[in-house]
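Remarks on the structure that follows.
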Amino acid sequence: MALEGSVEARTLNWDYSRHYSRFHPDTAGDFAGTVAIMDRWLRPHLQGKASRVLDIGCGRGYALEALRTMGLASIEGIDTSREQVSWAESRGLPARLVIDTLAYLAERPQTHDAILLMDVIEHVAPAEQRAFLRAIADSLRPRGKLLLSTPNAASRLAGYTRHLDYTH
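When we follow our numbering, the leftmost residue of the sequence shown carries the number 63, and every step to the right adds one.
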């Protein structure tokens, strides 16, 4: 993730998985249900159309599992949270810890057919979002796709108390 300050500051330095587990318990049912939702969202955009997909901010790997079940040839997830990456790896998913996402993308120009940015952009400092999106665009192959989602805490369905931070 592209956060202000040094490379170390770009690494999520608190255990985000503890916060995340408040909404997603570590159960097989929650995992399967969330993977099913990801499959519904992603399949129309990727099935048969992408061979190399990167999930930035892959977290526990819900999208990675959906991509794997879709039979995509090459999938990879990156995250700045050691705990989230460990959780995804424990499920046999191709997740890796990446300290500096911008550097990681810069080393992979025109590499990906699709990049997922699911509920991540709101964690990037507003002043750095343009550079972050440019790095993503440069890492996409011609005609590559960015699939981006972000929560709306002001939505009638969400409520401001769910996320409890300024980014949402």
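The C-beta atom is built at its ideal place from N, Cα and C for all residues, glycine as well.
Rounded to a whole number of angstroms, what is the C-alpha to C-alpha distance between A165 and S201?
11 Å
My output table needs one value for S113: the three-state DSSP class, helix, strand or coil.
When secondary structure is reduced to three states using DSSP, S113 falls in the coil class, being assigned neither helix nor strand.
- Message: Within 10 Å of its beta-carbon, does H107 have 16 or more other beta-carbons around it, so buried, or fewer, so exposed?
- Response: exposed
Q.
Using C-beta distances below 6 Å, list every residue in its chain close to T233, excluding the 5 sequence neighbours before and after it, in chain order.
A. No answer is possible for residue 233: it lies beyond the span of the chain, which begins at 63 and ends at 230.
### Query
Sorted by chain position, which residues of the same chain lie with C-beta nearer than 6 Å to V238's C-beta, five sequence neighbours on each side aside?
Residue 238 lies beyond the residue range present for the chain, which begins at 63 and ends at 230; the question has no answer from this structure.
- Task: Could you tell me the distance, in whole angstroms, from the CA atom of S113 to the CA atom of G119?
- Result: 19 Å
TODO: Identify every run of the beta strand (DSSP E) within the region 111 to 184, keeping only runs that are complete inside it and at least 3 residues long; order them along the chain.
DONE: 114 to 118, 136 to 141, 157 to 159 and 174 to 180
field: Limits of the beta strand (DSSP E) - the one that P204 falls within
entry: L202 to S211
Express the C-alpha separation of R130 and R144 in angstroms, rounding to a whole number.
-> 22 Å
As assigned by DSSP and simplified to three states, the class of T96: T96: helix per DSSP, three-state reduction.
Taking its Cβ as the centre, do 16 or more other Cβ atoms sit within 10 Å of N214, making it buried, or is it exposed?
N214 is exposed by the Cβ-count criterion.
Would you please state the rounded distance, in angstroms, between the beta carbons of A197 and A168? I believe it to be under 8 Å. 6 Å
- When burial is assigned at 16 or more other CB atoms within 10 Å of the CB, is R122 buried or exposed? buried
Could you check the C-alpha separation between V182 and D117 for me, to the nearest Å?
If you draw a straight line from the Cα of V182 to the Cα of D117, it comes to about 10 Å.
Self-check item: Beta-carbon proximity list for R28, same chain, < 6 Å, skipping 5 on both sides
Solution: Since the first residue of the chain shown is 63 and the last is 230, residue 28 is not available in this structure.
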